[in-house]
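Order-wise, the sequence lines are chains R and G. According to the numbering used here, the first sequence is numbered sequentially starting from 22. According to the numbering used here, the second sequence is numbered sequentially starting from 22. So the structure is just underneath, and the comments pick up after that.
2 protein chains.
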Amino acid sequence: MIRYGTIGTNKITNEFIEAATISRKWELTAVYADDAKDAQAFADQQSASTAFSDLNTFLQSDGLEAVFIASSPIRHFEQIKRAIQADKHVIVQPPAVTNPTEFAAIEQLLADHPDVRFFEAVYPLHMPNFENVAATLATMPAIQGATFVAMRDLPGYDQVLAGQQPDGFTLASAGGALQIVGLYPLYAALRLFGRPKKGSYFATAIQTGVDGLGAIFLEYPKFDVTLHIGITTDSFMPSEIYGLHEKIVIDNITELKLINHYDVDKQNNLLNTITYANRLTGEALAIGNVLENLNDPEQQKQYASWLQLARDVHTTLFHLRSMVGIKFPTDR
Amino acid sequence: MIRYGTIGTNKITNEFIEAATISRKWELTAVYADDAKDAQAFADQQSASTAFSDLNTFLQSDGLEAVFIASSPIRHFEQIKRAIQADKHVIVQPPAVTNPTEFAAIEQLLADHPDVRFFEAVYPLHMPNFENVAATLATMPAIQGATFVAMRDLPGYDQVLAGQQPDGFTLASAGGALQIVGLYPLYAALRLFGRPKKGSYFATAIQTGVDGLGAIFLEYPKFDVTLHIGITTDSFMPSEIYGLHEKIVIDNITELKLINHYDVDKQNNLLNTITYANRLTGEALAIGNVLENLNDPEQQKQYASWLQLARDVHTTLFHLRSMVGIKFPTDR
C-alpha cells in the first residue's frame, strides 16, 4: 500500500480518495488544508487519517510516501516543490503548472531527487475507454484528422459578468479555457497523434482578460486536429476521429462514456468496455502500479512517456496561450 | 410566369425544375445540353420544353427570360457571360464563379445590362428554417460564437484514391472542399454575422492538389466562428450558435431539417416550421418574387443584399483558398 496524503479538500480530492480505496493500492494517512478546522473536518470525513495545516509537518508526517495535490492551480508549483524536496511522490490535478518554466524547475528538482516520481493526474487518459479509442485508432489504415470538444458552461462566468474575479477565470489564478479545460483534449490529441508540428489558437477573451472560448488547430504532417474548448458555453458536438470511410465518435473527450466506431461498412460498433463508477479509478490503478513497481522496466517506460507527454502538453499550452497574448503573474 | 431555360441535365436541375413548377412562378421553355441527344432526352423527360445543343440558339429561343445554370462550375463563368450578354436573368448553382475576378467581370457585365438580374442560388438561405435561425438569433442578447459543419464523404474521393481526376476534386475543375461544400456554411456565417474582420483556413490537401478537409476560422469583433468543411469524410457534429446559457443547434447547416433552441432555462424549443419536400422551393419562390417585382423597392433591396453577400463570400473564399496556396487555372 502506498501511504499518501492529500492537499485540498474539494470534490476531486474526495473522488481520488474513493478511487484510491477502490484500487486497494493506496492508504490515506494525512490530509492538509490551510485552515486547521477545514483540515480536521476533512480528516473526520475520511476516516483513519491525521489533519495538518502546516505543510512541512504534513510532509514530514509518519510514513508518508506520496501526496495528491488538488489545490488551486496557482498554488501547485510551490506545493509540488516542497513535496519533492521532502522526497514524496507527487500526484497533481491538472494543470500541474502554469507554464513550462515551472515544469522545467520541477524536472530539475526531480533530477536532484531521483527516487521521487511526479504525475499530472489526467484521469481520461487512464480510462479503459481511452485505451479502446487508441486500440481502434491503431487498426485504421488512414487517419484524416480529428475534432475534440471540451466546452463547459461553468458557473464562474456568471460571477465574472457580475463583476467578480472567481478562481479559474482570472489571470491572477492562471485561469482561462486553455488551462481549465483545454489541457484535456490537448492531452488526448498528443497522446493519440504525437506532438504537432504547429499549433494555432483563436480565442475570445472575457472581461477578466483570460480566454473564455476558443478553437485550437494542431497541424500534423498528414492531417490536422481541431480542439474546441470553452468555459463560457457548452456544446452538443461529439468528439470525432476521421478515417477513410470510418470514424470513431466519442460522446465526451474528458468523460469517455460512449465510444462508437462507425466502420467502413457504416456499421456502428459500440466500443464501451469497462466504465468505472468512479472516473479516477483508472488513474489510481495506473499510478499505483508505477509506484509499486519502481524497478519494473515496463512501468519505468510508462512513467517516462507520461512525463514526456506532460512536458509536451505544457509547452504547447504555453505556446497557444502566448499566441493570444495572455500573460500570467507566474510567467517570467 | 417567368419563362426560363436550363443549362445542365443533372439531379439539381431536376430539383430546380420541380421546385419552379411547385412555386407557380416559372415556366420551363428550353433546355440546353452540349450533346443534342442528352438535350432531347432531358427535354422529353421535362414535358413542354424545347431541346438545344447550341448555346446561342438556346439563349435566343422564343420568349426566354431567364436561365438556370447547373453545369460544371468551371464552365459557369462563360455561360453566365453569354446569358447576360443575351439579356437573360441568370440563376446559377454555387459556386457561381471560381474567383473574385470572374465575379467582378460579371458585375461589370451587369452594369452594362441593367435589366438583367444575377443570382447565386444558395438554397439553404431561402429555406424557412434559415429565417427561423436568423429570427431566434436576433432575440439572443449575447452571441459567443458558432460552429458550422459541412462535411461529406463524397464518392469522388475514392476515384481520386484510384488515380482518377473526378470533377470537383481537381484543380482543373476548380474543385476542393472550399468550393464544393465550404461555400454553404460560409454563406450562412456571412448572412447571419456579417463580413468577418479576418479569416483563416487550415486544410489537408488530397493527391490532386485540392483541399479535402479543413477548418475555417472567422474572426468577428466580439466572437469567432469556426467552419468544419470536407469532401473526404462526413461528421456527426451538429452546427451550433452559442449565446449566453443558450444555444441554437442545427442538425445540418445545408439542409436545416431540425433546428433546436436550447434556451437559458435549458428548455429545448423545436424551431421547425415549414420544411418544403423539395428543398429548392424556397429559392424558386424568393428569386421568382424578385423577378416578378423588378420595380418593388423591397425586392430591389433584397436583390442588392444577395449580390453583396455573394461578392463577400467569393472574396472570402478566394482569400481562404490563397492562404493554403491552391491555384485554379482560372486565376490570373
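Quick reminder that beta carbons are idealized off the backbone N, C-alpha and C, glycines included.
Exposed or buried, which one is residue i when buried takes at least 16 other CB atoms within 10 Å?
i, result
"P135(G)", "exposed"
"L213(G)", "buried"
"R138(R)", "buried"
"S260(R)", "buried"
"V88(R)", "buried"
"E99(G)", "exposed"
"K109(R)", "buried"
"G184(R)", "exposed"
"I357(R)", "Residue 357(R) falls outside the range modelled here, since chain R spans only 22 to 353, and no answer is possible."
"Q200(G)", "buried"
"N2(R)", "No answer is possible for residue 2(R): the residues shown for chain R start at 22 and end at 353."
"F339(R)", "buried"
"Q165(G)", "buried"
"T254(R)", "buried"
"D133(R)", "exposed"
"T27(G)", "buried"
"A54(R)", "buried"
"S68(G)", "exposed"
Can you check whether the C-beta of residue i is within less than 9 angstroms of a C-beta belonging to chain R?
i, result
"F223(G)", "yes"
"G264(G)", "yes"
"H249(G)", "yes"
"D284(G)", "no"
"K109(G)", "no"
"G166(G)", "yes"
"E240(G)", "yes"
"V154(G)", "no"
"F244(G)", "yes"
"V202(G)", "no"
Starting from the C-beta of residue i, find all residues in its chain whose C-beta is less than 7 angstroms away, skip the five residues before and the five after it, and write them out in chain order.
i, result
"S343(R)", "none"
"L277(R)", "P145, M148, N150, F151 and I271"
"W47(G)", "M22, I23, Y25, A41, A305 and G309"
"T122(R)", "R353"
"N299(R)", "E36, E39, A40 and I43"
"S70(R)", "L49, T50, A51, V52 and A64"
"E128(G)", "none"
"Q323(R)", "V311"
Would a check of beta-carbon distances place residue i closer than 9 angstroms to chain G?
i, result
"F257(R)", "yes"
"Y53(R)", "no"
"G236(R)", "Strictly speaking, residue 236(R) in this sequence is Ala, with Gly absent from that position. Yes - at least one Cβ of chain G is within 9 angstroms of the one on A236(R)."
"V181(R)", "no"
"V170(R)", "yes"
"G233(R)", "yes"
"T229(R)", "no"
"K218(R)", "no"
"T78(R)", "no"
"E261(R)", "yes"
Between residue i and residue j, what straight-line distance do the alpha-carbon atoms span, to the nearest angstrom?
i, j, result
"V345(R)", "G233(R)", "12 angstroms"
"L175(G)", "D56(G)", "27 angstroms"
"L130(R)", "A331(R)", "16 angstroms"
"G251(G)", "Q106(R)", "52 angstroms"
"V113(G)", "I90(G)", "5 angstroms"
"L85(R)", "I101(R)", "15 angstroms"
"A226(R)", "P217(R)", "25 angstroms"
"S93(G)", "S194(G)", "8 angstroms"
"T351(G)", "N120(G)", "8 angstroms"
"Y297(G)", "I33(G)", "15 angstroms"
"P318(G)", "A325(G)", "10 angstroms"
"F124(R)", "Y208(R)", "16 angstroms"
"F73(R)", "Q329(R)", "33 angstroms"
"K287(R)", "T337(R)", "35 angstroms"
"Y241(G)", "F244(R)", "27 angstroms"
Report all residues from its chain with a CB closer than 6 angstroms to the CB of residue i; omit the five preceding and five following residues, and keep chain order.
i, result
"P115(R)", "E141, V143 and L204"
"A224(G)", "D232, G235 and V345"
"F238(R)", "S221 and T247"
"A163(R)", "G264 and L265"
"P206(G)", "F169, A171, L248 and I274"
"T191(R)", "T229"
"I95(R)", "S194 and A195"
"M161(R)", "G264"
"G189(R)", "G177, G196 and I201"
Enumerate in chain order the residues of its own chain whose CB-to-CB distance from residue i is below 8 angstroms, with the five nearest sequence positions on each side excluded.
i, result
"N314(G)", "Q320"
"D333(R)", "L211 and R216"
"A155(G)", "R212 and L213"
"L292(G)", "N150, N153, V154, T157, I269, I280, N281 and H282"
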